[in-house]
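Enquirer: Heads up: the sequence shown begins at 315 in the working numbering, then just goes up one per residue. All C-beta atoms, glycine included, are put in the ideal place defined by N, C-alpha and C. I have a structure I would like to understand better, so I am pasting it below and will then ask my questions one at a time.
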Amino acid sequence: MSAQLHDMGVAALSRALADKTVSSVEVTRHLLGRVDAHAGLGAFLHVDADAALATAAAADAARAAGQAGALTGVPLAHKDIFVTEDMPTTAGSKMLAGYRSPFDATVVARLKAAGTVSLGKLNCDEYAMGSANENSAFGPVKNPWDTTRVPGGSSGGSSAAVAARLVPAATGTDTGGSIRQPASFSGITGIKPTYGVCSRYGMIAFASSLDQAGPMARSAEDCALLLSAMGGFDERDATSAQRPAQDYHAQMLAQREGATAAQPLKGLRVGLPREFFPAALAADVNGSVRAALAELEKLGATLVDVSLPRTELSIPVYYIIAPAEASSNLSRFDGVKFGHRAANYTDLLDMYKKTRAEGFGAEVKRRIMIGAYVLSHGYYDAYYLQAQKLRRMIADDFQACFQQCDVIAGPVAPTVAWHIGEQGGDPLQAYLADIFTLPASLAGLPGMSVPAGFGASGMPVGLQLIGNYFQEGQLLHAAHALQQATDWHTRAPAGL
Numbered sequence: 315m316s317a318q319l320h321d322m323g324v325a326a327l328s329r330a331l332a333d334k335t336v337s338s339v340e341v342t343r344h345l346l347g348r349v350d351a352h353a354g355l356g357a358f359l360h361v362d363a364d365a366a367l368a369t370a371a372a373a374d375a376a377r378a379a380g381q382a383g384a385l386t387g388v389p390l391a392h393k394d395i396f397v398t399e400d401m402p403t404t405a406g407s408k409m410l411a412g413y414r415s416p417f418d419a420t421v422v423a424r425l426k427a428a429g430t431v432s433l434g435k436l437n438c439d440e441y442a443m444g445s446a447n448e449n450s451a452f453g454p455v456k457n458p459w460d461t462t463r464v465p466g467g468s469s470g471g472s473s474a475a476v477a478a479r480l481v482p483a484a485t486g487t488d489t490g491g492s493i494r495q496p497a498s499f500s501g502i503t504g505i506k507p508t509y510g511v512c513s514r515y516g517m518i519a520f521a522s523s524l525d526q527a528g529p530m531a532r533s534a535e536d537c538a539l540l541l542s543a544m545g546g547f548d549e550r551d552a553t554s555a556q557r558p559a560q561d562y563h564a565q566m567l568a569q570r571e572g573a574t575a576a577q578p579l580k581g582l583r584v585g586l587p588r589e590f591f592p593a594a595l596a597a598d599v600n601g602s603v604r605a606a607l608a609e610l611e612k613l614g615a616t617l618v619d620v621s622l623p624r625t626e627l628s629i630p631v632y633y634i635i636a637p638a639e640a641s642s643n644l645s646r647f648d649g650v651k652f653g654h655r656a657a658n659y660t661d662l663l664d665m666y667k668k669t670r671a672e673g674f675g676a677e678v679k680r681r682i683m684i685g686a687y688v689l690s691h692g693y694y695d696a697y698y699l700q701a702q703k704l705r706r707m708i709a710d711d712f713q714a715c716f717q718q719c720d721v722i723a724g725p726v727a728p729t730v731a732w733h734i735g736e737q738g739g740d741p742l743q744a745y746l747a748d749i750f751t752l753p754a755s756l757a758g759l760p761g762m763s764v765p766a767g768f769g770a771s772g773m774p775v776g777l778q779l780i781g782n783y784f785q786e787g788q789l790l791h792a793a794h795a796l797q798q799a800t801d802w803h804t805r806a807p808a809g810l
């Protein structure tokens, strides 16, 4: 059976472990072998095989004692933006090379308490800044579908590891689309919950009003199981939503009123913003998304034309607000208390300058400078304040749409994954690739990417679903219904 273990997702592994047809140690050992065999993808930054096998043995003992939950013994890995007390945390940066946290991030701690087995830490764009996972100080991650292409970013290590069947699931973070876009580029499922659903405590900050953790896995069912464990109020996070614990798996399976077995989405109104289907949208992406929308119609959903008129403004708004917050958050990395420190300097100011010049990569420096500029005297009102006003208007546009529909759908990105290095000389091109994911992030809404077929050169395409605040269950229900009727999410890269 070991030859098929890596093809099993979270839900399938949970059932197999419960039935005792396989042990966590067996699964973990098998996946560790795959991680080693496919190290060339660059997905993992750190692997702790001994600790993983010890945790797996403890999980098997817990199951034998009848003390197991749904996730007990299920292997996964964490994006290296979450601090971990038993493994190094780098955030993909030289600035934090070798850093070890004295505590676990809340998301890590909750998944650990649920019984999961962590194999290691996953590569990411430096401080989660990027759309391609080319900005990591430790090298780019390769897309398992075509190793000459990017896997998306900043959670590219997470998406590549899941797509390559190295782990059944991984954690990710989404600031402007960094769960949804790599999920789309790599052919997996990922969900960014409503801002505040998952604690940011122990998640190294990029843009505090936008960063949100979420799961990345094979299916909506897998994501629902993981999100149920990850989410919930955390008193250590001032932005955490004070809501009761949610069972997203139960919400996903709940039957809609009037729905039937043949039409589980009967009555669901799916809004299609005209701004999400511009003339510049790649034909292969448009074709795949339209095919997925046709499947939703077969399942009983009704397609409704809507408008998000300020979609284009989301790019300048995001690239003012996010760098502004980044310039503040990253000021703590100065070589004084932890992380990299320059070897040679003359005084404190010289140490600051040399440490940050050596420790930060080009994209991080670019965003810090932009952020410092828009927050500076004489420019705050002209840029940052105006961006915040437009952010509220973008959120209001969504609320107007939700008067006409229940879920908003469209493409995740304008194209399939591009080749590594293709946009290296023009960062604006990578920024423009976020056009469809940024609006939901600015509004703090839940959004997810669901596999929707394949485009040019056989590369995956994702369907984006956006819901109203705290409607993750509804999104997961729609995605699950689509995945029950299609097999796009089950397909794996050849040769892996």
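Between the alpha carbons of Ser468 and Ala427, how many angstroms are there, rounded?
Expert: On the sequence shown, position 154 is the one that residue 468 refers to. On the sequence shown, position 113 is the one that residue 427 refers to. Roughly 26 Å separates the two Cα atoms.
Enquirer: Going by CA-CA distance only, name the one from His563, Gly516, Ser642 that's closest to Ala686.
Expert: Stepping through the sequence shown from its first residue, residue 686 is reached at position 372. Closest option to Ala686, Cα to Cα, is Ser642.
Enquirer: Look at the alpha carbon of Ala379 and the alpha carbon of Glu786, and state the distance between them as a whole number of angstroms.
Expert: For the purposes of this step, residue 379 is taken as residue 65 along the sequence shown, with counting starting at 1. For the purposes of this step, residue 786 is taken as residue 472 along the sequence shown, with counting starting at 1. C-alpha separation (whole angstroms): 33 Å.
Enquirer: Of the choices Ala483, Leu796, Trp459, Met544, whose alpha-carbon is the least far from that of Leu355?
Expert: Residue mapping note: residue 355 aligns to position 41 of the sequence shown, counting from 1. Checking every option, the nearest Cα to that of Leu355 belongs to Trp459.
Enquirer: Mind the definition here: the segment 565–574 touches the segment 703–719 only if three or more C-beta pairs lie below 8 Å; say whether that holds.
Expert: Not touching, per the Cβ criterion.
Enquirer: Which word fits Ala899, buried or exposed, when buried means at least 16 other C-beta atoms lie within 10 angstroms of its C-beta?
Expert: Residue 899 falls outside the range modelled here, since the chain spans only 315 to 810, and no answer is possible.
Enquirer: Specify, as a first and last residue, the run of the alpha helix (DSSP H) that Ser602 falls within.
Expert: Here residue 602 refers to the residue found at position 288 of the sequence shown. Here the alpha helix (DSSP H) through Ser602 covers 597–612.
Enquirer: Any chance you could list the alpha helix (DSSP H) runs of at least 4 consecutive residues sitting entirely within the segment 724–778, in chain order?
Expert: Qualifying alpha helix (DSSP H) stretches, in chain order: 741–746, 752–757.
Enquirer: Is the beta carbon of Val481 less than 7 Å from the beta carbon of Ala371?
Expert: Taking the sequence shown and counting its residues from 1, the one referred to as residue 481 is at position 167. Taking the sequence shown and counting its residues from 1, the one referred to as residue 371 is at position 57. No, they are not a contact pair.
Enquirer: Would you mind listing the alpha helix (DSSP H) stretches within the segment 660–697 that are 4+ residues and don't spill past its ends, in chain order?
Expert: Listed in chain order, they are 662–673, 676–688.
Enquirer: How big is the Cα-Cα spacing for Arg377 and Met762?
Expert: Within the sequence shown, the letter at position 63 stands for residue 377. Within the sequence shown, the letter at position 448 stands for residue 762. Cα to Cα, Arg377 sits roughly 32 Å from Met762.
Enquirer: Mind checking which residues open and close the alpha helix (DSSP H) that includes Ala543?
Expert: For the purposes of this step, residue 543 is taken as the residue at position 229 of the sequence shown. Looking at the DSSP string, the run of the alpha helix (DSSP H) that includes Ala543 is 534–544.
Enquirer: Just to confirm before moving on: does the CB-CB distance between Ile734 and Ala754 stay below 7 Å?
Expert: For the purposes of this step, residue 734 is identified with residue 420 of the sequence shown, where counting begins at 1. For the purposes of this step, residue 754 is identified with residue 440 of the sequence shown, where counting begins at 1. Not closer than 7 Å, so no.
Enquirer: Run the CB neighbour count on Thr625, radius 10 Å, all protein chains shown included, and call it buried at 16 or more, exposed below.
Expert: If you number the sequence shown from 1, residue 625 lands on position 311. Thr625 comes out buried.
Enquirer: Reducing DSSP to helix, strand and coil, say where Ile502 ends up.
Expert: On the sequence shown, residue 502 is found 188 positions in, with the first residue counted as 1. Here Ile502 sits in coil by DSSP.
Enquirer: Please report the straight-line C-alpha distance between Leu796 and Ala384, rounded to a whole angstrom.
Expert: Sequence index remark: in the sequence shown, residue 796 carries index 482 (1-based). Sequence index remark: in the sequence shown, residue 384 carries index 70 (1-based). About 23 Å.
Enquirer: Using a Cβ-Cβ distance cut-off of 7 Å, determine whether Val422 contacts chain C.
Expert: Absent from the structure is chain C; it holds one protein chain and no more.
Enquirer: With DSSP run on the structure shown, which of helix, strand or coil describes Met315?
Expert: Position 1 of the sequence shown, counted from the first residue, corresponds to residue 315. Residue placement at Met315 is flagged as unreliable, the pLDDT there being 48, under the threshold of 50; a coordinate-derived value is accordingly withheld.
Enquirer: Hey, how far is the Cα of Gly673 from the Cα of Gly653?
Expert: The residue labelled residue 673 in the question sits at position 359 within the sequence shown. The residue labelled residue 653 in the question sits at position 339 within the sequence shown. In a straight line, the C-alpha of Gly673 is about 9 Å away from that of Gly653.
Enquirer: Helix, strand or coil for Ile722 per DSSP?
Expert: The sequence position of residue 722 within the sequence shown is 408, counting from 1. Strand.
Enquirer: Ordered along the chain, which non-local residues of its own chain (more than five positions away) have a Cβ less than 6 Å from that of Thr508?
Expert: One-based indexing of the sequence shown puts residue 508 at position 194. So the qualifying residues of the chain are Pro760, Tyr783, Phe784.
Enquirer: Between which two residues does the beta strand (DSSP E) containing Leu359 stretch?
Expert: Looking up residue 359 in the sequence shown gives position 45. That run of the beta strand (DSSP E) goes 358–361.
Enquirer: Taking C-beta to C-beta, are Val476 and Met530 nearer than 7 Å?
Expert: Along the sequence shown, read from residue 1 onward, the residue named residue 476 stands at position 162. Along the sequence shown, read from residue 1 onward, the residue named residue 530 stands at position 216. In contact: Val476 and Met530 (Cβ atoms closer than 7 Å).
Enquirer: On the DSSP bridge assignment, give the partners of Thr335 in chain order.
Expert: Taking the sequence shown and counting its residues from 1, the one referred to as residue 335 is at position 21. Bridge partners of Thr335: none, in fact.
Enquirer: For the alpha helix (DSSP H) that Leu480 lies in, which residues bound it at each end?
Expert: Reading the sequence shown from its first residue, position 166 is the one you call residue 480. Element bounds for Leu480: n/a, residue is neither H nor E.
Enquirer: Any idea what DSSP makes of Arg414, helix, strand or coil?
Expert: Within the sequence shown, numbered from 1, the residue matching residue 414 stands at position 100. Strand at Arg414.
Enquirer: Could you name the residues that DSSP lists as bridge partners for His392?
Expert: By one-based count along the sequence shown, residue 392 stands at place 78. According to DSSP, His392 bridges with Lys435.
Enquirer: With DSSP run on the structure shown, which of helix, strand or coil describes Asn457?
Expert: Counting from 1 along the sequence shown, the entry for residue 457 is found at position 143. Of the three classes helix, strand and coil, the one that applies to Asn457 here is strand, per DSSP.
Enquirer: Could you give the residue range of the beta strand (DSSP E) that holds Arg424?
Expert: If you number the sequence shown from 1, residue 424 lands on position 110. No beta strand (DSSP E) holds Arg424; the alpha helix (DSSP H) holding it covers 420–427.
Enquirer: Just how far apart, CA to CA, sit Ala534 and Gln778?
Expert: One-based indexing of the sequence shown puts residue 534 at position 220. One-based indexing of the sequence shown puts residue 778 at position 464. Distance between the alpha carbons of Ala534 and Gln778 is about 13 Å.
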